[in-house]
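Just below is one structure, and these are the notes that go with it.
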Amino acid sequence: MDDISLSTLPLDISIVISGKGGKSGKAGKASGAAADSKAQSRSSKAGLQFPVGRIHRLLKRGNYAQRVGAGAPVYLAAVLEYLAAEILELAGNAARDNKKQRIVPRHLQLAIRNDEELNKLLGDVVISQGGVVPKIEAALLPSKSKKAKDGASQEV
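Note that full-length UniProt numbering has the sequence shown beginning at 1, numbered continuously upward.
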C-alpha cells in the first residue's frame, strides 16, 4: 500500500498521500470542483495587481518580526497599490496639463508637491530630475497701486 487515503477529514475533503515522494495525480488537492480548477494567486484572490506573495516573502526576510500573518501582506499590497494609483492619476493629469503623452519625473514631482497629503507623506523624498514647484511669493509680485488704477481709468 503506497497510497493512504484519509477520508475522515472535515467538509468531505479527501487527500491522497503518496509514499514514494513523487508527484501523484491528486496529491494534496481537494476533491470536487476545487480539484479541477487552476491555482489562483493571492493577488488575484484579493483583486490586486501588486504581488502579495512577493511582499510576504520580503516581510519574512526583512527581519521586521518573527512571524508574519497571512493578512498582513494582502493589506500592505492593497495600500501600496492605492498609493501608486493615486500618484499615477495625479501625474497623468499633470502630464495632460503640459500637453504630454508620457509621464516623466517632473510630472511626478508636480503631482506629489501639489497634493497636500502626498506632500506630507513624501516630504523628505527627493525625486531625481523632478525640478521644483513654481511659486512666487506675494511680496515679490507687482502690487496694483492706486496710481496705476487712476491712470488706467483716465485713458478710456
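Every residue, glycine too, gets a C-beta built ideally from N, C-alpha and C.
In chain order, A46, L48 and F50 place their CB closer than 8 Å to the CB of A78, counting only its own chain and leaving out the 5 sequence neighbours on each side. With a 10 Å radius around the Cβ and a threshold of 16 neighbouring Cβ atoms, I136 comes out exposed.
Judged by beta-carbon spacing, V74 lies within the 8 Å limit of V52, meaning their Cβ atoms are closer than that value. Rounded to whole angstroms, the separation of the alpha carbons of A85 and L59 is 22 Å.
In terms of Cβ geometry, A111 and I87 form a close pair [threshold 8 Å]. Burial check for L108: the Cβ neighbour count within 10 Å reaches 16 or more, so the residue is buried. G53 sits in a helix when the DSSP states are folded into three classes. When secondary structure is reduced to three states using DSSP, A70 falls in the coil class, being assigned neither helix nor strand. Nearest to N93 by alpha-carbon distance, out of E81, Y82 and R106, is R106. When P142, A72 and D124 are compared, the shortest CA-CA separation from R54 is found for A72.
Taking C-alpha positions only, P134 is separated from H56 by approximately 41 Å.
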